[in-house]
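>
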Amino acid sequence: MGETRQSYLLAAESAVRLLGHPAVAASWDKPSALVEFSVAGLAGHLAHQLVRVGDALAPNGPVQEPISLLEHYMRSPWVQAGLDHESNLSIRRGGEAAAAAGPALLLERSQALLDMQRAALASEPADRVVITPAGWSLKLDDFLLTRLVELVVHCDDLAASVGVDTPALPSSVIDPVVELLARLAVHRHGPTAVIRALSRAERAPATISAF
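Offset between the sequence shown (1-based) and the numbering used here: plus 2.
#1: Leaving out the 5 sequence neighbours to the left and right, which residues in its chain are closer than 6 Å to residue 162 when beta-carbon positions are compared?
#2: Just to check my reading of the structure: residue 142 and residue 131 have Cβ atoms closer than 8 Å, yes? What is that Cβ distance to the nearest angstrom?
#3: Helix, strand or coil, according to DSSP, for residue 34 in the structure here?
#4: Among the candidates 184, 213, 166 and 46, whose CA atom is the shortest distance from the CA of residue 112?
#5: Short of 7 Å in beta carbon distance, which residues of its chain neighbour residue 4, apart from the five on each side in sequence? Order them along the chain.
#6: Return helix, strand or coil for residue 166, following the three-state DSSP convention.
#7: How many Å lie between residue 23 and residue 11 at the Cα?
#8: Apply the 10 Å Cβ neighbour rule to residue 51 and answer buried if 16 or more other Cβ atoms are within range, or exposed otherwise.
#9: Alpha carbon to alpha carbon, how far is residue 108 from residue 164? Give it in angstroms, no decimals.
#10: Please report the straight-line C-alpha distance between residue 172 and residue 181, rounded to a whole angstrom.
#11: May I have the straight-line CA-CA distance separating residue 32 from residue 55, to the nearest angstrom?
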């Protein structure tokens, strides 16, 4: 199994453990660290990343030529949209819907998906192409990298929301996430802004957020 697939599984395992933390259930109906998200909705959104992978791995029809990761993010309306944009409203509604049955069932479903994906990813060909929910195609490993970013970022969000430490993850998980976020930040803000933010506090821009 390739490194990206192993990294995804490590991040997914960490996310499932966090979903099972007692602090998550105890804070279920409280506001999260993310504006407009409850803890339940954020947990549902985190768990939904495994659902997205499961959907992508299902047999599909003819696929198009896969696009690049950068093109994927440039086409995605939520990347630079406001909180009230329909794309972000849909994301929040989806998180709440995923969590509607409560923390125990969300954890059970997530664990079951993780168990299935361990076996499925090991058998997928290296050149597998999948269709994203938006309708365009990505290489499977590129799609998994997008889910890796979501898992790492939202595990931090959820941990901060319920007052526990952000899960520690190995460099094989963190490094590709940092690299992709840096590439997106450079595309959005330009290389000078990113270099200054990382090396010159006195000239650093207000933000170099990738999203």
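Here a beta-carbon is modelled for each residue, glycine too, at the ideal position from N, C-alpha and C.
Reading it off the structure:
#1: Numbered from 1 along the sequence shown, position 160 holds the residue referred to as residue 162. Counting only Cβ-Cβ distances below 6 Å, and skipping sequence neighbours, we find 35.
#2: Counted from its first residue, the sequence shown places residue 142 at position 140. Counted from its first residue, the sequence shown places residue 131 at position 129. Residue 142 to residue 131, Cβ: 7 Å. Contact.
#3: The sequence position of residue 34 within the sequence shown is 32, counting from 1. The DSSP-derived three-state label of residue 34 is coil.
#4: Numbered from 1 along the sequence shown, position 110 holds the residue referred to as residue 112. Distance from the Cα of residue 112 is smallest, within the candidate group 184, 213, 166 and 46, for 46.
#5: Taking the sequence shown and counting its residues from 1, one reaches residue 4 at position 2. Cβ neighbours of residue 4 beyond the five flanking positions: 128 and 143.
#6: If you number the sequence shown from 1, residue 166 lands on position 164. Reduced to three states, the DSSP call for residue 166 is coil.
#7: Here residue 23 corresponds to residue number 21 of the sequence shown, with the count starting at 1. Here residue 11 corresponds to residue number 9 of the sequence shown, with the count starting at 1. Taking the Cα positions, residue 23 is about 19 Å away from residue 11.
#8: Mapped onto the sequence shown, residue 51 falls at position 49. Flag for residue 51 reads buried.
#9: Here residue 164 is taken as the residue at index 162 of the sequence shown, counted from 1. Here residue 108 is taken as the residue at index 106 of the sequence shown, counted from 1. Here the alpha carbon of residue 164 sits roughly 17 Å from the alpha carbon of residue 108.
#10: By one-based count along the sequence shown, residue 172 stands at place 170. By one-based count along the sequence shown, residue 181 stands at place 179. The straight-line gap from Cα to Cα measures roughly 14 Å.
#11: Sequence index remark: in the sequence shown, residue 32 carries index 30 (1-based). Sequence index remark: in the sequence shown, residue 55 carries index 53 (1-based). One C-alpha to the other measures close to 28 Å.
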